[in-house]
Amino acid sequence: MRRFSFFLPVAVFSIAWTAISSAQTPPATASRFGLGDYMTAFVQPRHMKLGLAGQARNWDYLAYERSELDETFEMIEKQVPRYKGTAMAELLKLVDGPMEELDKAIKARDGARFDAAYARLTDGCNACHVTTEHKMVVIQAPKTSPFANQKLDP
Numbered sequence: 001m002r003r004f005s006f007f008l009p010v011a012v013f014s015i016a017w018t019a020i021s022s023a024q025t026p027p028a029t030a031s032r033f034g035l036g037d038y039m040t041a042f043v044q045p046r047h048m049k050l051g052l053a054g055q056a057r058n059w060d061y062l063a064y065e066r067s068e069l070d071e072t073f074e075m076i077e078k079q080v081p082r083y084k085g086t087a088m089a090e091l092l093k094l095v096d097g098p099m100e101e102l103d104k105a106i107k108a109r110d111g112a113r114f115d116a117a118y119a120r121l122t123d124g125c126n127a128c129h130v131t132t133e134h135k136m137v138v139i140q141a142p143k144t145s146p147f148a149n150q151k152l153d154p
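Have a look at this one:
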C-alpha cells in the first residue's frame with residue numbers, strides 16, 4: 001500500500017505536467033520565420049563576411065564562410081519551400097552558378113576570379129529580389145565591417 005501511495009501522486013503529477021506543457025507549446029508554424037527574416041538574419045551577414053574576407057584575401061576563412069552560406073541556402077529551402085508560388089529551389093538557381101565560381105576561385109586562391117564571382121553572386125541576389133518583387137532590396141559589396149569583434153583578414 002505504501003508503494004501505491006507514493007507512485008500514484010507521481011503518476012498523476014507526470015500526466016498533469018505533460019498535459020499542461022503540451023497545451024502551452026505553440027504549434028510548429030507559430031515560430032516559423034518569413035523569407036525576409038532568413039535573408040536578413042542569415043544570408044546577408046554571410047554575404048557581407050564573404051565580401052570582407054575576400055577583400056582581405058583570407059582564403060581559409062572564405063572556404064569556411066562559403067560553406068556556411070551554402071548550408072544557409074539549404075536550410076532556407078527546407079524552411080520556406082515555396083515563395084509566392086515559386087519553388088525556393090528555382091529561386092536559388094539564380095545563385096548556383098556564382099556559388100560554384102566562388103568555390104573554384106577560393107580553392108585556386110585567385111583574387112581576380114573571386115572578385116568576379118562575388119560580383120556575380122551579388123547580382124544573383126539582386127536578380128532574386130527583382131524576381132520576388134523586392135527590387136528595392138539592393139545588395140552590394142560591403143565597404144566597412146560591422147563585425148568589430150571579428151578579425152576577417154588573414
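Position one of the sequence shown corresponds to residue 1 (the numbering used here), numbered consecutively onward. The C-beta atom is built at its ideal place from N, Cα and C for all residues, glycine as well.
Express the C-alpha separation of residue j and residue i in angstroms, rounding to a whole number.
| i | j | result |
| --- | --- | --- |
| M136 | Y61 | 30 Å |
| R57 | D70 | 20 Å |
| D37 | R120 | 23 Å |
| G124 | A117 | 10 Å |
| D103 | M75 | 19 Å |
| M39 | D110 | 28 Å |
| A105 | V43 | 20 Å |
| Q55 | K84 | 35 Å |
| S145 | E68 | 18 Å |
| P98 | R66 | 11 Å |
| L52 | R82 | 31 Å |
| T86 | K143 | 33 Å |
| F33 | A141 | 26 Å |
| A30 | V80 | At A30, the pLDDT of 45 sits below 50, so the modelled position is not reliable; the number obtained from the coordinates is stated separately. Taking the straight line from one Cα to the other gives about 14 Å. |
| L155 | A108 | Examination of residue 155 is not possible in this model, given that the chain is present from 1 through 154 alone. |
| W59 | P154 | 8 Å |
| H129 | K151 | 30 Å |
Using the DSSP secondary-structure output, state which residues sit across from residue i in a beta bridge.
| i | result |
| --- | --- |
| R82 | A87 |
Could you give the C-beta distance for residue i and residue j, rounded to a whole number, given that I count them as a contact under 8 Å?
| i | j | result |
| --- | --- | --- |
| K49 | F114 | Between F114 and K49 the Cβ distance is about 14 Å, and since that is not below 8 Å, they are no contact. |
| L92 | E77 | 6 Å |
| N149 | V138 | At roughly 27 Å, the Cβ-Cβ gap does not stay under 8 Å, so N149 and V138 are not in contact. |
On the DSSP letters alone, give me the boundaries of the alpha helix (DSSP H) that residue i sits inside.
| i | result |
| --- | --- |
| R57 | Unbroken run through R57: none, as it is neither H nor E. |
| D37 | L35 to Y38 |
Inset, instruction - Could you name each continuous beta strand (DSSP E) segment of 3 residues or more that falls completely within the region 84 to 117, going from the start of the chain to the end? - result: Complete beta strand (DSSP E) runs here, min 3: none at all.
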